[in-house]
Amino acid sequence: MHLIDIDYKIGPQSLFHRLNANFTAGITAIVGANGCGKSTLLRILAGICQPSEGKLIIHEQDLYQAPQLKENIGYVPATPFLYPHLTVIENIILCARLRKINQKVFKSLLPTILQQCNLFEFQQILFGKLSDGLKKRTMIASQLIHQPRIVILDEPCAELDPFQRQQLWELFQQWQSMNRMIIFSSHHLQEVSRICNHIYQLSQGQLHLLPKPESAAQIRWQASPSSKVTPTLEEVCT
69 MHLIDIDYKI GPQSLFHRLN ANFTAGITAI VGANGCGKST LLRILAGICQ PSEGKLIIHE
129 QDLYQAPQLK ENIGYVPATP FLYPHLTVIE NIILCARLRK INQKVFKSLL PTILQQCNLF
189 EFQQILFGKL SDGLKKRTMI ASQLIHQPRI VILDEPCAEL DPFQRQQLWE LFQQWQSMNR
249 MIIFSSHHLQ EVSRICNHIY QLSQGQLHLL PKPESAAQIR WQASPSSKVT PTLEEVCT
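My numbering puts the first residue of the sequence shown at 69, with every later residue one more than the last.
Here it is as structure tokens:
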């Protein structure tokens with residue numbers, strides 16, 4: 069996945085300035101102060117938010133000129149997008165239908181996905197009644213049903229306790245062994261530095277590749293106000 073001269077304007081101002089980056093298989097974290105544009109950048113990578121200028125190249129094609137490439141991507145936003153009045157399994161089934169996944173294929177994949185996300189015993193619980201950790205795992209499961217090669221997650225560790233975060237890191241490492249590309253944002257710098265192959269710092273509209281993942285543990289920054297936009301279920305799954 070290649071970002072080429074990406075710009076994104078909010079009114080007259082540019083959030084990014086001819087931003088370039090190259091992402092490869094493995095685990096990549098994007099770190100930076102609140103309000104620096106991490107969520108917007110991840111939405112661009114997921115094909116949900118079109119940049120004002122530039123290209124996002126996957127398999128030698130521009131994602132925004134070849135929307136079928138989104139079939140390679142699973143995207144988990146920071147805030148819940150599933151329906152609180154539906155159960156875990158009903159939400160996952162709905163996402164499968166929105167992606168037009170063959171029913172036979174879906175049934176064959178479902179047990180593995182539920183096992184990976186530790187959701188077997190929670191299938192019939194309403195999404196709105198779940199803990200934050202279980203909500204996160206359900207959202208992740210909903211974005212694995214089409215077997216994406218690229219998984220993008222916005223602040224997946226937010227609201228999770230240390231044990232839940234460790235479970236998430238282990239899941240990332242499982243994906244890595246399957247040659248998936250995992251891109252996520254995080255503020256847990258010391259933990260991130262232990263599991264990532266690459267870490268980028270987003271600052272002043274540019275991505276800076278840290279020379280060593282361990283360098284992330286030394287970063288200090290001043291947080292600034294930010295606003296998050298929650299995509300709809302249809303935006304995430306289509």
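Ideal Cβ placement from N, Cα and C applies to all residues, glycine included.
Collapsing the DSSP output to three states places Leu131 in coil. Residue pairing by DSSP places Leu275 opposite Leu270 in a beta bridge.
In chain order, Phe195, Gly196 place their CB closer than 6 angstroms to the CB of Pro152, counting only its own chain and leaving out the 5 sequence neighbours on each side. The Cβ-Cβ distance between Thr96 and Cys264 falls below 8 angstroms. The C-beta distance from Ile141 to Ile72 rounds to 18 angstroms, too long to meet the 8 angstroms contact threshold. Under the three-state reduction of DSSP output, Arg86 falls in the strand class. Beta bridge pairing from DSSP links Gln242 with no other residue. Pairing Leu109 with Ile116 gives a Cβ-Cβ distance that is not under 8 angstroms. Taking His85 as the centre and dropping the five residues before and after it, the same chain places the C-beta of Gly273 closer than 6 angstroms to its C-beta, in chain order. In this structure, Ala89 keeps its C-beta atom at 8 angstroms or more from the C-beta atom of Arg248. If you look at Phe252, you'll find it isn't in any alpha helix (DSSP H); it sits in the beta strand (DSSP E) that goes 249-253. Nearest to Leu212 by C-alpha distance, out of Val144, Ile74, Glu227, Asp130, is Val144. A contact is defined here as three or more CB-CB pairs under 8 angstroms, and the region 222-234 meets this definition with respect to the region 245-260. Note on geometry: alpha-carbon atoms of Phe174 and Cys185 lie some 16 angstroms from one another. When only Cα atoms are considered, Thr206 and Phe190 end up about 9 angstroms apart.
Of all alpha-carbon atoms in Leu162, Pro216, Lys138, the one lying nearest the alpha-carbon of Ile250 is that of Pro216. Going by DSSP, Ile112 is part of the alpha helix (DSSP H) stretching over 106-113. With 16 or more neighbouring CB atoms inside 10 Å of its own CB, His256 falls in the buried class. Taking C-alpha positions only, Ile157 is separated from Thr147 by approximately 19 angstroms.
Here DSSP, grouped into helix, strand and coil, assigns Ala97 to strand.
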